[in-house]
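Participant: Below: one structure in structure tokens.
There are 2 protein chains.
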Amino acid sequence: MTTASKTDLDRSVVTDFQQLSQFGATPGGGVDRQAATEADGAQRAWLAEWLVARGFRVEYDRAGNQFGLLEIHPGAPYVVTGSHLDSQPLGGRYDGAYGVLASAHAAQRVAQQWREGNLAPKYNLAVVNWFNEEGCRFKPSMMGSSVYTGKIDVEQALSTTDRDGVSVAEALSGIGCLGSGTGPQAAAYAEIHIEQGRNLENDGITIGVVDSTWAAQKYELVVHGDQAHTGSATMPDRQDALLGASLLVVAARELAEDFATAPLHTSVSQMTIEPNSPVVIAREVRMHLDLRSPIESVVDLANERLMARFAEIEARAQVRIEKATAHSWGVAGYQPEGVKLSMAAAEDLGLTYRQIMTVAGHDSVNMKDVVPTVMLFVPSVDGISHNEHEFTTDDDVCAGVDLLTEVVARLAVGELDRTS
Amino acid sequence: MTTASKTDLDRSVVTDFQQLSQFGATPGGGVDRQAATEADGAQRAWLAEWLVARGFRVEYDRAGNQFGLLEIHPGAPYVVTGSHLDSQPLGGRYDGAYGVLASAHAAQRVAQQWREGNLAPKYNLAVVNWFNEEGCRFKPSMMGSSVYTGKIDVEQALSTTDRDGVSVAEALSGIGCLGSGTGPQAAAYAEIHIEQGRNLENDGITIGVVDSTWAAQKYELVVHGDQAHTGSATMPDRQDALLGASLLVVAARELAEDFATAPLHTSVSQMTIEPNSPVVIAREVRMHLDLRSPIESVVDLANERLMARFAEIEARAQVRIEKATAHSWGVAGYQPEGVKLSMAAAEDLGLTYRQIMTVAGHDSVNMKDVVPTVMLFVPSVDGISHNEHEFTTDDDVCAGVDLLTEVVARLAVGELDRTS
Chain A
1 MTTASKTDLD RSVVTDFQQL SQFGATPGGG VDRQAATEAD GAQRAWLAEW
51 LVARGFRVEY DRAGNQFGLL EIHPGAPYVV TGSHLDSQPL GGRYDGAYGV
101 LASAHAAQRV AQQWREGNLA PKYNLAVVNW FNEEGCRFKP SMMGSSVYTG
151 KIDVEQALST TDRDGVSVAE ALSGIGCLGS GTGPQAAAYA EIHIEQGRNL
201 ENDGITIGVV DSTWAAQKYE LVVHGDQAHT GSATMPDRQD ALLGASLLVV
251 AARELAEDFA TAPLHTSVSQ MTIEPNSPVV IAREVRMHLD LRSPIESVVD
301 LANERLMARF AEIEARAQVR IEKATAHSWG VAGYQPEGVK LSMAAAEDLG
351 LTYRQIMTVA GHDSVNMKDV VPTVMLFVPS VDGISHNEHE FTTDDDVCAG
401 VDLLTEVVAR LAVGELDRTS
Chain B
1 MTTASKTDLD RSVVTDFQQL SQFGATPGGG VDRQAATEAD GAQRAWLAEW
51 LVARGFRVEY DRAGNQFGLL EIHPGAPYVV TGSHLDSQPL GGRYDGAYGV
101 LASAHAAQRV AQQWREGNLA PKYNLAVVNW FNEEGCRFKP SMMGSSVYTG
151 KIDVEQALST TDRDGVSVAE ALSGIGCLGS GTGPQAAAYA EIHIEQGRNL
201 ENDGITIGVV DSTWAAQKYE LVVHGDQAHT GSATMPDRQD ALLGASLLVV
251 AARELAEDFA TAPLHTSVSQ MTIEPNSPVV IAREVRMHLD LRSPIESVVD
301 LANERLMARF AEIEARAQVR IEKATAHSWG VAGYQPEGVK LSMAAAEDLG
351 LTYRQIMTVA GHDSVNMKDV VPTVMLFVPS VDGISHNEHE FTTDDDVCAG
401 VDLLTEVVAR LAVGELDRTS
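Residue numbers (the UniProt record's numbering), protein chains in the order written: chain A, 1 to 420; chain B, 1 to 420.
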């Protein structure tokens, strides 16, 4: 195994990232390349070319996950590293895409060390670009890694349709990315991502080693009212679903304000309003509402307080609030051995680091449930994410690739096997 | 001129109305026949056939308004009577459609009186089905009558597109209803409509003679925030456009509650949320907000109080509220001579009646600004409207046609000319 020093940084990832950022580029400096759109197809073709030129074999599994495979020991399992290239509409350039490109560079560097006789990997190497992590065009999010890890059924994923009725299967076929099979067998997984928060920046630290996820309670709520004329219906007669939904949005914010001393994030960011006419009181609003905290009991208490508000909101707007779906999870940890391995690697590279939790979901959250998994963060300037102004400095971009290379190298030689 | 007594009611309008209600019928008992859709085309063809079978000539003007013309004195202007057949999505059967069918029956009965030598009209007769009164597929509402009365430009109307990018011109051509010319010259206009409120029902009265419109202040507001990750963005960092919009919805309702002693109707029923993703804080919400009252000063005061809330809402949600468009109108009267003529006709027919204001807009609101105009209401059961459960009893349906017949006959002989 090898170590890199800060003096011999390979900065080619920066120029490659500039190229990658051209796909689906928006005038505001971001990208719009939702899953299996034309822009997604174009960037996948670019990545395939990049990988093939460096000796990787590219293949797609039955869920549209894109793999770049390098077989060192025929039949051995793979150290898999990657993230996702798909973006939100008017998303940032770094979310996901940085992790895929960093993984490609890291895997290529590890392969180079092997070819030069400086590393003796025990496992094969795979770069992965997971399909549809964002979930904005096709729900749910993290679709590709969910199929790979057996959390959702492949047929359910492929038959999911977007707002225009196009299925995942059709969209993937349209960009030539619907493969077969279940992808390479993983021995371990590593992912790097921008933090999407301010913690690393505030602390002046380059690397976050993710040790756990925040707890969350997520609802899909349906507010049932009744249609009426916006002009002539008297106020006491109205059963206004949009008023009910708005009261829920405000109540969610008030919950977060009540927990000012403990971290609680509450959000409503999507509504489907029926009939959504300027002259018809809404009969139905379908909305997502979520509560997240690093402390499980805070989520539980916030959830109780939210439920306690329902009756008052139902009475005021004369609506009925239905919980269509509810998902919750507690604080979930990544394997401590992976955290230790990553911190040791950062220490050896002379990079500043700290343990950190992830608020957002990542494909690594799925992967950690099936194989030893490492998740790394680099800082987000101003914590901005899911926004065209998402930014991470080139120095941090390069440092992240250096660390990921070191982590993948250590995973490839089986260091985690020995320590776990 | 003739009078009808309650004993010789012609109830054929009831069976015709059952037929008409089949077009775009919904499982819930309503209709979905938005402007220039297939269902709208089908009902227009049905109406054309009905009119032609009774000696009317059917033509379309350049804005897709459908006319059934009966020329009694070549070159003379027309007494025009009608309403609109288009509906809201999941709308009721009566809104607009009742008025068109009532007008067709009234004009046919007046023509019959003329043919039998019992009436000597001075004017020709026209039945009209105005294009796109509802404004749900193409904005603005009352499009056909607005073009007819010169309030909006025909080219602007024809180039308006729906959410799928289909223009009015394309949609009208698609159902064979894009004509040329400016339609018949009107001498007077009469319309009948369901009340869409509870006043007539509460008072046990059959006929409302509309004397004026409510005052209104309507806004299109744009709430500007900024995209961020719903999970990881800290609460103080969020510039949440959907929170800002929700606070506006609640503020609008609070305004109405504050005016509990004076009638004030406030509504928000439509929002366009960007990007409307479950994991991205909304960067922008576009919404309609309106304030209506029969008392102009109440609208003015409510408007002041609403404006006074903007700064607080902007601060709380960290957003900017833009007034994209603002329209207002005061209490506007129908010609008193038309009100008098209608009340005299109701009196002669032995129908109970009262003067009433209209909260909702109607094509007659446009027409009253160019020719003497009569607007009549029949009761709505429970005041329900823009809803599949909209209902008016058959007795009221028939009584309305009787009165409209009498009004059209009186307009046709020029009675309003003598009294005005």
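Cβ atoms here follow ideal geometry from the backbone N, Cα and C, with glycine treated the same way.
1. If you check the beta carbons only, do A/D61 and A/G179 fall under 8 Å apart?
2. Relative to the alpha-carbon of A/E296, which residue among A/Q217, A/F391 and A/T405 has its alpha-carbon at the smallest distance?
3. Looking only at its chain, what residues have a beta carbon closer than 8 Å to the beta carbon of A/V319, apart from the 5 residues adjacent to it on each side?
4. Considering only residues of the same chain and omitting the five flanking positions on each side of A/H311, which have a CB-CB separation below 7 Å?
5. Applying the 10 Å Cβ sphere with the 16-neighbour rule, what's the burial state of B/A315?
6. If contact means a Cβ-Cβ distance below 9 Å, which residues of the region 265 to 284 of chain A contact chain B?
7. Determine, for A/Q88, whether the minimum Cβ-Cβ distance to residues of chain B falls below 8 Å.
8. Mind checking whether B/A157 and B/V80 have CB atoms under 8 Å apart?
9. In chain order, what residues of the same chain have a beta carbon less than 6 Å from the beta carbon of B/T358, not counting five sequence neighbours either side?
10. So A/H386 and A/G91 are in contact, right, with Cβ under 8 Å, and what is the actual spacing, rounded?
11. Which of helix, strand or coil does DSSP assign to B/F310?
12. For B/A42, verify whether its CB is less than 7 Å away from any heavy atom of the ligand MG.
13. Helix or strand or just coil, what does DSSP make of B/T3?
14. Determine, for A/V250, whether the minimum Cβ-Cβ distance to residues of chain B falls below 8 Å.
15. Which residues in the same chain have their Cβ closer than 6 Å to the Cβ of A/G29, if we skip the five residues on either side of it in sequence?
16. Measure from the C-beta of B/G29 to each C-beta in chain A and report whether the shortest distance is under 8 Å.
17. Kindly indicate if chain B contains any beta-carbon less than 8 Å away from that of A/Q318.
18. Who are the near neighbours of B/S328 in its chain, counting only those whose CB is closer than 6 Å to its CB and skipping five residues on each side?
19. Could you give the distance in angstroms between the alpha-carbon of B/V381 and the alpha-carbon of B/Q196?
20. Report yes if the CB atom of A/L51 is closer than 8 Å to the CB atom of A/A104, and no otherwise.
21. How is the beta strand (DSSP E) around A/T325 delimited, first residue to last?
22. Whole angstroms is fine: what's the gap from A/G82's alpha carbon to A/E133's?
23. Please classify B/A308: is it buried, with 16 or more other beta-carbons within 10 angstroms of its beta-carbon, or exposed?
24. Going straight from the alpha carbon of B/L416 to that of B/R354, what length do you get?
25. By how many angstroms is the C-alpha of B/V268 removed from the C-alpha of A/Q227?
26. Can you find at least 3 beta carbon pairs, one from the region 389 to 409 of chain B and one from the region 189 to 204 of chain B, that sit closer than 8 Å?
27. So with CB distances below 7 Å, who are the chain B contacts of A/Q196?
28. Do you know how far the Cα of A/T261 is from the Cα of A/R137?
29. Alpha carbon to alpha carbon, how far is B/L20 from B/Q66? Give it in angstroms, no decimals.
30. At 8 Å on the CB atoms, spell out the chain A contacts of B/I362, in chain order.
31. Whose CA, out of A/V128, A/S173, A/S141 and A/P263, lies closest to the CA of A/A68?
32. I'd like the span of the beta strand (DSSP E) that includes A/H105, first residue to last.
33. Of the residues A/H229, A/T149, A/T266 and A/S146, which one's Cα is nearest the Cα of A/R283?
34. Residues of the region 131 to 152 of chain A in Cβ contact with chain B at a cutoff of 9 Å, in chain order, please.
35. Going by DSSP, name the residue or residues bridged to A/G82.
36. Any beta carbon of chain B sitting closer than 8 Å to that of A/R292?
Facilitator: Looking at the atomic coordinates:
1. yes
2. A/Q217
3. V223, H224, G225, Q239, D240, A241, L243, G244 and I313
4. It should be noted that the sequence gives Ala, not His, for residue 311 of chain A. No residues qualify anywhere along the chain.
5. exposed
6. H265, T266, S267, V268, S269, Q270, M271, T272, I273, E274, P275, N276, S277, P278, V279, V280, I281, A282 and R283
7. yes
8. no
9. V210 and T213
10. 6 Å
11. helix
12. Absent from the structure shown: the ligand MG. Ligands present: none.
13. Model confidence at B/T3 stands at a pLDDT of 45, short of 50, so the residue's coordinates are unreliable; what they give is reported in the following sentence. Looking at B/T3 - three-state DSSP - the assignment turns out to be coil, as it is neither helix nor strand.
14. yes
15. E388
16. no
17. no
18. Q217
19. 9 Å
20. yes
21. R320 to W329
22. 12 Å
23. exposed
24. 20 Å
25. 13 Å
26. yes
27. H229 and S232
28. 36 Å
29. 16 Å
30. As written in the sequence, residue 362 of chain B is His, which differs from the Ile given in the question. Result: empty, since nearest Cβ-Cβ is about 11 Å, beyond 8 Å.
31. Rather than Ala, the amino acid found at residue 68 of chain A in this sequence is Gly. Among A/V128, A/S173, A/S141 and A/P263, the Cα nearest to that of A/G68 belongs to A/V128.
32. Counting along the chain, A/H105 falls outside any beta strand (DSSP E), though it belongs to the alpha helix (DSSP H) covering A97 to R115.
33. A/H229
34. E134, G135, C136, K139 and S141
35. A/V128
36. yes
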